[in-house]
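Novice:
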Amino acid sequence: MPSVKASKASGSVRAASQPYTMPPSPPASSASSSGSLHLLENLSRPAQTLYNKMMSSMPEGHIYTQTDLTDLVGISDPLKLMGLIQENMNMGLVRMLRQGDDLCYQATKKEDAEKIQSMTKDEAMVYSYIEASGTEGIWTKTIKAKTNLHQSVVQRCLKSLESKRYIKNIKSVKYPTRKIYMLASLQPSIDVTGGPWFTDSELDTEFISSLLSIVFRYIMSESFPSEDDKPIVPIMSKKNNRNSAKNKKREEIVYDQLSYPANYDAYPSIAQIHEFVQTSGITTVDLAQSDIKALLDVLVYDGKIETIDHGMTYKAILGSTVDDQPSAEASEFDSIWSYGPFL
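All you need for our numbering is the position in the sequence shown, starting with 1, plus 712.
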């Protein structure tokens, strides 16, 4: 569970393409005595040049159009170019992707290509759809529908791939009953894990409650003048007002607890609140500004703070406290669940 320290006051995207084709198995001669597949040795020199340029000219994972590849290797003959692409695809070094109506190509690391070549045809097909799901992962039922394989075959492939540590099973906060898989080397997206608000796929209400309290206390400390900053404004008591002439000399002075003036412009912004949370050491969890915004939304919803300057800064509402008994309609935990900024 994320930890929160006491505060003194009163911080990957789903693949755009889908698998389009699977390479055939490599020739048996491509395997060395050590079991490692020397894939480039099975390519012609021009095909090797194409692969090396695809890997070196742009960052890993870059997607090329046919025009890009024509410019990259200077081959204008489309049939010759497609022959070189097909050589690489046969060894799993290049894969074909569809983006809209266009066919595109992406180079694969040799290690990953060797991994795919070691799989059966069914395993490679299942793996390709898991790979294409990126950091979102893919449901086993979706895999079955896309591959058109029998359920037992899909399960066998998943078990084999998982035992080789090519893929892993993950839990989704949105679909806790679904069995979802993604590549073992990737980290699930926030949409899957729920971000910092979830521990073991469970909403961490204790962590959220602690942060709400700390953030509220910080905003409160910045919303009203301290004792040294309060302006001295005399207000005659009602008792003395009734006999003001008679008791003028004995007049008592009452000092009111005033807020900042209407033109005050130093209420904390999201950036300032985020900086406070990150630098004060109140939690070991790395929170983004969007996470702080979720906390602030709950405090606004619960009537503890309000937005100032068209939502640019925040101010505590006079009379609200962190220990207020929440109403049946707007409690801290009711708002967490019904308002939903953490889901």
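Note that the Cβ used here is the ideal one computed from N, Cα and C, for glycine as well.
Taking Cβ to Cβ, would you say Lys765 is nearer than 7 Å to Leu751?
Specialist: Contact: no.
Novice: Pairing CB atoms from the segment 811 to 818 with CB atoms from the segment 843 to 863, are three or more of them under 8 Å?
Specialist: With the cut-off at 8 Å, the segment 811 to 818 and the segment 843 to 863 do not touch.
Novice: Could you please give the first and the last residue of the uninterrupted alpha helix (DSSP H) stretch that includes Val806?
Specialist: That residue, Val806, is in no alpha helix (DSSP H); its beta strand (DSSP E) goes Val806 to Gln811.
Novice: Can you say whether Pro738 is buried or exposed, counting buried as having 16 or more other CB atoms within 10 angstroms of its CB?
Specialist: Because the pLDDT at Pro738 is just 44, under 50, the model does not fix this residue reliably, and the value given afterwards should be weighed accordingly. Pro738 comes out buried.
Novice: So is Arg810 buried or exposed if we call it buried at 16+ other beta carbons inside 10 Å?
Specialist: Under this definition Arg810 is an exposed residue.
Novice: Out of Ala1006, Leu755, Tyr976 and Ala819, state which residue places its alpha-carbon closest to the alpha-carbon of His986.
Specialist: Nearest option by C-alpha distance: Ala1006.
Novice: Could you tell me the alpha carbon to alpha carbon distance between Ile892 and Lys883, rounded to whole angstroms?
Specialist: The alpha-carbon atoms of Ile892 and Lys883 are separated by roughly 7 Å.
Novice: Excluding the five sequence neighbours on either side, which residues of its own chain have a C-beta within less than 6 Å of the C-beta of Thr777, listed in chain order?
Specialist: Excluding positions up to five away in sequence, the list reads Cys816.
Novice: Provide the residue(s) that pair with Phe910 in DSSP beta bridges, ordered along the chain.
Specialist: BP columns for Phe910 point to Leu915.
Novice: Roughly how many angstroms lie between the CA atoms of Ala819 and Tyr839, to the nearest whole one?
Specialist: Rounded to whole angstroms, Ala819 to Tyr839 spans 17 Å at the Cα level.
Novice: Checking the sheet assignment: what are the DSSP bridge partners for Asn881?
Specialist: Answer is Tyr893, bridged to Asn881.
Novice: Enumerated in chain order, which unbroken segments of the beta strand (DSSP E) with a length of 3 residues or greater are wholly contained in the segment 767 to 822?
Specialist: 806 to 811 and 814 to 819, all fully within the segment 767 to 822.
Novice: Touch check for the segment 974 to 983 and the segment 1010 to 1017: three-plus C-beta pairs under 8 Å?
Specialist: Contact fails: fewer than three Cβ-Cβ distances are below 8 Å.
Novice: Could you please give me the residues that DSSP links to Glu1018 through a beta bridge?
Specialist: Partner(s): Lys1027.
Novice: Quick one: what's got a C-beta closer than 8 Å to Lys822's C-beta in the same chain, skipping five residues either side?
Specialist: Excluding sequence neighbours, Lys822 sits near Leu751, Leu752 and Leu805.
Novice: Where do the N-terminal and C-terminal ends of the alpha helix (DSSP H) with Lys1005 fall, by residue?
Specialist: Its alpha helix (DSSP H) spans residues Gln1001 to Tyr1013.
Novice: With a threshold of 16 other CB atoms inside 10 Å of the CB of Asn881, please say whether the residue is buried or exposed.
Specialist: Under this definition Asn881 is an exposed residue.
Novice: Spatial neighbours of Tyr967 within its chain, please: CB distance less than 6 Å, with the 5 preceding and 5 following residues excluded, ordered by chain position.
Specialist: Because the pLDDT of Tyr967 is 40, which lies under 50, any placement of that residue in the model is unreliable, and the question is left without a value.
Novice: Tell me whether Gly832 sits in a helix, a strand or coil according to DSSP, three-state version.
Specialist: For clarity, residue 832 is Thr in the given sequence; the question names Gly instead. Reduced to three states, the DSSP call for Thr832 is coil.
Novice: Is it right to say Ala1057 is buried, meaning 16 or more other beta carbons lie within 10 angstroms of its own, or is it exposed?
Specialist: Because the chain here runs from 713 to 1055, residue 1057 falls outside it and cannot be looked at.
Novice: Go ahead and label Met837 buried or exposed: buried means 16 or more other beta carbons lie within 10 angstroms of its beta carbon, across all protein chains shown.
Specialist: By the neighbour-count rule (16 or more Cβ atoms within 10 Å), Met837 is buried.
Novice: Below 7 Å between beta carbons: does that hold for Tyr1026 and Ile920?
Specialist: No, these two residues do not count as a Cβ contact at 7 Å.
Novice: Note down the Cα distance separating Leu755 from Gln829, rounded to an integer number of angstroms.
Specialist: The alpha-carbon atoms of Leu755 and Gln829 are separated by roughly 15 Å.
Novice: Assign Ile994 to one of three DSSP states: helix, strand, or coil.
Specialist: Ile994 falls in the coil class under three-state DSSP.
Novice: Excluding the 5 residues preceding and the 5 following Cys869 in the sequence, name in chain order all residues of the same chain whose CB lies nearer than 6 Å to its CB.
Specialist: Result list for Cys869: Asp834, Glu835 and Val838, in chain order.
Novice: In whole angstroms, what is the alpha-carbon distance linking Phe928 and Glu914?
Specialist: If you take the alpha carbons of Phe928 and Glu914, they lie about 24 Å apart.
Novice: Are the Cβ atoms of Val866 and Ile850 separated by less than 7 Å?
Specialist: Against a cut-off of 7 Å, the Cβ pair of Ile850 and Val866 comes out as no contact.
Novice: What does the alpha-carbon distance come out to for the pair Met894 and Gly846?
Specialist: Cα to Cα, Met894 sits roughly 7 Å from Gly846.
Novice: With DSSP run on the structure shown, which of helix, strand or coil describes Ser981?
Specialist: Residue state, collapsed to three classes: strand.
Novice: How many angstroms separate the CA atom of Gln1001 from the CA atom of Gly773?
Specialist: In a straight line, the C-alpha of Gln1001 is about 29 Å away from that of Gly773.
Novice: Would you please state the rounded distance, in angstroms, between the beta carbons of Val885 and Thr917? I believe it to be under 8 Å.
Specialist: In fact, because the Cβ distance is near 14 Å, the residues do not count as touching under 8 Å.
Novice: Can you give me the C-alpha to C-alpha distance between Met831 and Leu781, rounded to a whole angstrom?
Specialist: Going by the C-alpha atoms only, they are around 28 Å apart.
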